[in-house]
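Following: one structure in structure tokens, then a few remarks.
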Amino acid sequence: MKVRDCLNTLENYKANILFNRNAISKRYEKINYLKNDEVNNIQRNKKTNSNIIQSILETIFEYQSEILISTYSAGFSIMVQQKSIVLQNLPKTDLFDNKLLFK
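Per full-length UniProt numbering, residue 1 is the first one in the sequence shown, and the count goes up by one each step.
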């Protein structure tokens, strides 16, 4: 395996992927917490829980995009991982419509 982008090292790409995966895990914990609040009719913020969840999902998409870029740049194959990384738990909005992303 050869690094495709020589401006960084394989170790840094792996660290970036690990960081983004951990950040995604933390965001999903926050989403579960907010969904629990939604079920119990608890509103802790000025924005609605559903708006906050939507915002967090958009942030997760950015992290997933970074993972995809780092995976490719590090020289790993992305064909198998493409659907699971990018499309997993994608927000249901026009902006993130799967048809628009992969025509």
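Think of the CB as a built atom: it goes at the ideal place given N, C-alpha and C, for glycine as much as any other residue.
Only a predicted model underlies this, so the values are computations on that prediction, with no experimental measurement involved.
Alpha-carbon spacing of residue i relative to residue j, whole angstroms
i, j, result
"Asn41", "Lys26", "22 angstroms"
"Gln64", "Ile17", "9 angstroms"
"Phe29", "Lys46", "The sequence given here places Glu at residue 29; Phe does not occur at that position. Distance between the alpha carbons of Glu29 and Lys46: 20 angstroms."
"Phe76", "Leu68", "10 angstroms"
"Val39", "Ile78", "37 angstroms"
"Ile31", "Ile52", "8 angstroms"
Environment of residue i [buried if 16+ CB atoms lie within 10 Å]
i, result
"Ser70", "buried"
"Tyr33", "exposed"
"Ala15", "exposed"
"Asp94", "Only weak support exists for where Asp94 lies, its pLDDT of 45 falling under 50; the coordinates are left without a value."
Neighbourhood of residue i by C-beta distance below 6 angstroms, restricted to the same chain and skipping five residues each side
i, result
"Leu100", "With a pLDDT of only 38 at Leu100, under the threshold of 50, the placement of this residue in the model should not be trusted; the figure read from the coordinates follows. Within the same chain, Leu100 has no close Cβ partners at all."
"Ile24", "Ile60, Tyr63"
"Lys35", "none"
Residues of its chain near residue i, where Cβ-Cβ distance is below 8 angstroms and the 5 sequence neighbours each way are ignored
i, result
"Asp37", "Gln43, Arg44, Asn49"
"Ser73", "Val3, Arg4, Asp5, Asn8, Tyr13"
Neighbourhood of residue i by C-beta, 7 angstroms cutoff - its chain only, sequence neighbours within 5 removed
i, result
"Leu10", "Val3, Ala74"
Does the contact criterion of 3 or more C-beta pairs under 8 angstroms hold for the stretch 7-24 versus the stretch 53-67? These segments touch.
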